[in-house]
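Novice: Take this structure, written in structure tokens, and hold onto it; I'll ask about it next.
2 protein chains.
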Amino acid sequence: MTSQKPIYESICLIGLGLIGSSIGLDVHKKNLANHISGYARSEKTRQIAKKIGFVDSVHESAADAARDADLIIICAPVGAMDSIAAEIAPVLKPGATVTDVGSVKQAVIEAIGPHIPQGVNFVPAHPIAGSEKSGPESGFAELFQDRWCILTPVDTATPESIEKLIQFWNALGSSVEVMTAKHHDSVLAITSHLPHLIAYSIVSTASDLEDVTQSEVIKFSAGGFRDFTRIAASDPTMWRDVFLTNKDAVLEMLGRFSEDLSALQRQIRWNDGDALFDLFTRSKETRSNIVEAGQDTDAPDFGRIQIGDKE
Amino acid sequence: MTSQKPIYESICLIGLGLIGSSIGLDVHKKNLANHISGYARSEKTRQIAKKIGFVDSVHESAADAARDADLIIICAPVGAMDSIAAEIAPVLKPGATVTDVGSVKQAVIEAIGPHIPQGVNFVPAHPIAGSEKSGPESGFAELFQDRWCILTPVDTATPESIEKLIQFWNALGSSVEVMTAKHHDSVLAITSHLPHLIAYSIVSTASDLEDVTQSEVIKFSAGGFRDFTRIAASDPTMWRDVFLTNKDAVLEMLGRFSEDLSALQRQIRWNDGDALFDLFTRSKETRSNIVEAGQDTDAPDFGRIQIGDKE
Numbered sequence: 001m002t003s004q005k006p007i008y009e010s011i012c013l014i015g016l017g018l019i020g021s022s023i024g025l026d027v028h029k030k031n032l033a034n035h036i037s038g039y040a041r042s043e044k045t046r047q048i049a050k051k052i053g054f055v056d057s058v059h060e061s062a063a064d065a066a067r068d069a070d071l072i073i074i075c076a077p078v079g080a081m082d083s084i085a086a087e088i089a090p091v092l093k094p095g096a097t098v099t100d101v102g103s104v105k106q107a108v109i110e111a112i113g114p115h116i117p118q119g120v121n122f123v124p125a126h127p128i129a130g131s132e133k134s135g136p137e138s139g140f141a142e143l144f145q146d147r148w149c150i151l152t153p154v155d156t157a158t159p160e161s162i163e164k165l166i167q168f169w170n171a172l173g174s175s176v177e178v179m180t181a182k183h184h185d186s187v188l189a190i191t192s193h194l195p196h197l198i199a200y201s202i203v204s205t206a207s208d209l210e211d212v213t214q215s216e217v218i219k220f221s222a223g224g225f226r227d228f229t230r231i232a233a234s235d236p237t238m239w240r241d242v243f244l245t246n247k248d249a250v251l252e253m254l255g256r257f258s259e260d261l262s263a264l265q266r267q268i269r270w271n272d273g274d275a276l277f278d279l280f281t282r283s284k285e286t287r288s289n290i291v292e293a294g295q296d297t298d299a300p301d302f303g304r305i306q307i308g309d310k311e
Numbered sequence: 312m313t314s315q316k317p318i319y320e321s322i323c324l325i326g327l328g329l330i331g332s333s334i335g336l337d338v339h340k341k342n343l344a345n346h347i348s349g350y351a352r353s354e355k356t357r358q359i360a361k362k363i364g365f366v367d368s369v370h371e372s373a374a375d376a377a378r379d380a381d382l383i384i385i386c387a388p389v390g391a392m393d394s395i396a397a398e399i400a401p402v403l404k405p406g407a408t409v410t411d412v413g414s415v416k417q418a419v420i421e422a423i424g425p426h427i428p429q430g431v432n433f434v435p436a437h438p439i440a441g442s443e444k445s446g447p448e449s450g451f452a453e454l455f456q457d458r459w460c461i462l463t464p465v466d467t468a469t470p471e472s473i474e475k476l477i478q479f480w481n482a483l484g485s486s487v488e489v490m491t492a493k494h495h496d497s498v499l500a501i502t503s504h505l506p507h508l509i510a511y512s513i514v515s516t517a518s519d520l521e522d523v524t525q526s527e528v529i530k531f532s533a534g535g536f537r538d539f540t541r542i543a544a545s546d547p548t549m550w551r552d553v554f555l556t557n558k559d560a561v562l563e564m565l566g567r568f569s570e571d572l573s574a575l576q577r578q579i580r581w582n583d584g585d586a587l588f589d590l591f592t593r594s595k596e597t598r599s600n601i602v603e604a605g606q607d608t609d610a611p612d613f614g615r616i617q618i619g620d621k622e
């Protein structure tokens, strides 16, 4: 990766978990800012961030970290954004841009929007980059490489501030798409929120069986179950907030899914092999499209089997 | 891998797809038999098998391939097993062992069992080794490494024949567990069949939306959806047969899952954040147990992001 001219003079990261640390690492690696300031609520996280060094300065409060920054990225659970925005609002520099990385966007706009002072740009963002890991030690610079980032700018943001944030995410390796917050919340309800909900639900179902032991579920999980457990290991606080703040879209998608599942259930009960075969054949195509679009690896079993790695 | 004394003089593979080819490759690699004969219904598959060379002889009929073999492994969809067993029954050598790799076991016993002649051992087996790939070119010798294989022997099989098949699967890298066919079918209904059904169902839901385009579903699939599509790309014929032949256990697990999903739906509708948080926290533990048991990789994002692999 060649070094390039910094896009922002100074960047502030509020929240130093998986996303915050990954941004910090890649900004350093690619020289996208001259200074990164950071804040995390937990003292332990601040210490780890200092030790790993993905921020240049660590502060005792969000306001201290945000003061003088040109780009403030709030990388905290949606439920914490209202109070963070209230705290940093008084110290925001005119012309600065506030953004976030939250998985829902209408609720983020409701939480942060009212606090943004005149002259400050607010450009909500959502990098679609998944990992089940959380915490400041889980970050890696390549997290956003070949991924998508969605921006849902509010009316008052200047075109220049939006353009610059697009440039920033491009530099982190992501393609950017701009859409309304409402549309974002529908798209993510089906591509991310419903899958997580289902994954949590089946893990719960598997925990409550009388005839099958937990150790059997775990031993034989390679048959498919383990695929669901990866995303069911994601951060509980973050996901609680997602479901509570994107309730309408999630319930809508869940209703549709339940209908489709009932139809499948009926086909099995009535031995409708042809209908099952047709559906399964169509699903294979969706998979091919995802692999072709570069959004998944074609390695068998995700490359879980480390070929040649055994003695 | 050091070479070892062959466990069987000759092995016959009926069906040369992912599982058959993976067995053939590993038997050759580890010298577990002096001869592998093979048969596949499709001429094209037989040609590919010959070219790759994971069998020593390719035959024009299942009976020709099975004649004189000490171990016959039926690696075909469950729906094809009845006719395969009927065809090979007359040529089976006394003392030979017939086994299979089917994902259900009660139905396999009903399909194959009645054809097995006296003096031939029948030991149904199910290697729990998942890949979404199918066909003779998708096999690899490491597929069974560090996985589990379940045996569900019938009463007439000799202890020696069971012991030898356990030794064979151990040599392929798998641990072996022996249980009843009925229990197997319950265990797999939750760990494999229900996850596949749900994955097929959500892919179908995502294909039928008015507000979200297919290209959006694909672009933003890294948020969780793509995890489900991997198993929804599995072989349609095989999975149709699984659902039709393990109907009772699948419908039972599906009923439980639907109840649990409804409970979650209610918690979201009534903003019960504490209940959601508790459930999500418990799910994380199940994930940790699976990783600790060696049934999944701990690499973030399954190592889908090839770190250092980009320019």
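Each protein sequence line maps, in turn, to chains U and R.
Per the working numbering, the first sequence runs over residues 1 to 311.
Per the working numbering, the second sequence runs over residues 312 to 622.
For every residue, glycine included, the Cβ atom is placed at its ideal position computed from N, Cα and C.
Are there three or more Cβ pairs, one per stretch, closer than 8 Å when the segment 497-509 of chain R is compared with the segment 154-167 of chain U?
Specialist: no
Novice: I'd like the list of long-range same chain contacts for U:Ser-131, defined as Cβ closer than 8 Å, with 5 residues on each side in sequence excluded.
Specialist: Leu-18, Ser-138 and Leu-143
Novice: Would R:Ala-373 pass as a contact of R:Ile-399 if the rule is Cβ separation under 8 Å?
Specialist: yes
Novice: Between R:Thr-356 and R:Pro-438, is the Cβ-Cβ spacing less than 8 Å?
Specialist: no
Novice: Expressed to the nearest angstrom, what Euclidean distance is found between the alpha-carbon atoms of U:Ala-299 and U:Cys-75?
Specialist: Take the alpha-carbon of U:Ala-299 and the one of U:Cys-75: they are about 31 Å apart.
Novice: Measure the beta-carbon distance from R:Val-415 to R:Val-389 and round it to whole angstroms, keeping in mind my assumption that it falls under 8 Å.
Specialist: 6 Å
Novice: Is it right to say U:Asp-213 is buried, meaning 16 or more other beta carbons lie within 10 angstroms of its own, or is it exposed?
Specialist: A quick correction: the sequence has Thr, not Asp, at residue 213 of chain U. The residue in question, U:Thr-213, is exposed, as its Cβ has fewer than 16 Cβ neighbours within 10 Å.
Novice: Any idea if U:Pro-114 is buried or exposed, counting beta-carbon neighbours within 10 angstroms, 16 or more meaning buried?
Specialist: exposed
Novice: Let me confirm a value: R:Pro-405 is counted as buried when at least 16 other C-beta atoms fall within 10 Å, else exposed. Which label applies?
Specialist: exposed
Novice: Output yes or no for whether 8 Å exceeds the beta carbon distance between R:Phe-433 and U:Ile-268.
Specialist: No.
Novice: Would you kindly check if the distance between the Cβ of R:Leu-343 and the Cβ of R:Ala-482 is under 8 Å?
Specialist: yes
Novice: Counting only beta-carbon atoms, is U:Thr-229 nearer than 8 Å to chain R?
Specialist: yes
Novice: Reducing DSSP to helix, strand and coil, say where R:His-370 ends up.
Specialist: coil
Novice: Using a Cβ cut-off of 8 Å, pull out every chain U residue sitting near R:Trp-459, in sequence order please.
Specialist: Lys-219, Phe-220 and Ala-222
Novice: Would you say U:Ser-42 lies against chain R (beta-carbon separation less than 8 Å)?
Specialist: U:Ser-42 does not count as touching chain R.
Novice: Quick test of the definition: if touching needs 3 or more C-beta pairs under 8 Å, does the segment 570-586 of chain R touch the segment 535-545 of chain R?
Specialist: no
Novice: Counting C-beta neighbours from all protein chains within 10 Å, is the total for U:Asp-208 16 or more, i.e. buried, or is it exposed?
Specialist: The C-beta of U:Asp-208 has fewer than 16 other C-beta atoms within 10 Å across all chains shown, which makes the residue exposed.
Novice: In three-state terms, what does DSSP make of U:Leu-151?
Specialist: strand
Novice: Which word fits R:Gln-606, buried or exposed, when buried means at least 16 other C-beta atoms lie within 10 angstroms of its C-beta?
Specialist: buried
Novice: Could you give the distance in angstroms between the alpha-carbon of U:Asp-64 and the alpha-carbon of R:Phe-591?
Specialist: Going from the Cα of U:Asp-64 to the Cα of R:Phe-591 covers about 33 Å.
Novice: Measure the C-alpha to C-alpha separation of U:Ile-36 and R:Val-561 and round it to an integer number of angstroms.
Specialist: 53 Å
Novice: Taking only three categories from DSSP, how would you classify R:Ser-321?
Specialist: strand
Novice: Determine the burial state of R:Asn-345: buried for a count of at least 16 other Cβ atoms within 10 Å of its Cβ, exposed for fewer.
Specialist: Per the 10 Å Cβ criterion, exposed.
Novice: List, in chain order, every chain R residue whose beta-carbon is nearer than 9 Å to that of U:Lys-247.
Specialist: Within chain R, the residues Ile-579, Arg-580 and Asn-582 have their CB atoms less than 9 Å from the CB of U:Lys-247, given in chain order.
Novice: Whole alpha helix (DSSP H) runs in the segment 197-277 of chain U with 4 or more residues, listed along the chain?
Specialist: 214-219, 225-231, 236-245 and 247-269
Novice: So U:Glu-216 contacts chain R; which residues on that side make the cut at Cβ distance below 8 Å?
Specialist: Val-498 and Thr-502
Novice: Looking at U:Pro-236: is its Cβ nearer than 8 Å to the Cβ of R:Lys-595?
Specialist: With contacts defined as CB atoms closer than 8 Å, U:Pro-236 and R:Lys-595 qualify as a contacting pair.
Novice: Here's the rule: buried if 16 or more other CB atoms are within 10 angstroms of the residue's CB, otherwise exposed. What is R:Glu-527?
Specialist: It counts as buried.
Novice: According to DSSP, is R:Ser-414 part of a helix, a strand, or is it coil?
Specialist: coil
Novice: Provide the residue span of the beta strand (DSSP E) that contains R:Glu-443, from first to last.
Specialist: From DSSP, R:Glu-443 is part of no beta strand (DSSP E); its letter is neither H nor E.
Novice: Does any C-beta atom of chain R lie closer than 8 Å to the C-beta of U:Gln-118?
Specialist: no
Novice: To the nearest angstrom, how far is it from the Cα of R:Cys-460 to the Cα of U:Arg-240?
Specialist: 37 Å
Novice: For chain R, find out if any of its Cβ atoms is closer than 8 Å to the Cβ of U:Tyr-39; answer yes or no.
Specialist: no
Novice: What residue range is occupied by the uninterrupted beta strand (DSSP E) comprising R:Ser-353?
Specialist: Annotation: R:Ser-353 is outside any beta strand (DSSP E) and is labelled neither H nor E by DSSP.
Novice: Let me see if you follow: with CB-CB separation under 8 Å, is U:Ser-201 close to chain R or not?
Specialist: yes
Novice: Mind checking if R:His-507 is an interface residue toward chain U, Cβ cutoff 8 Å exclusive?
Specialist: yes
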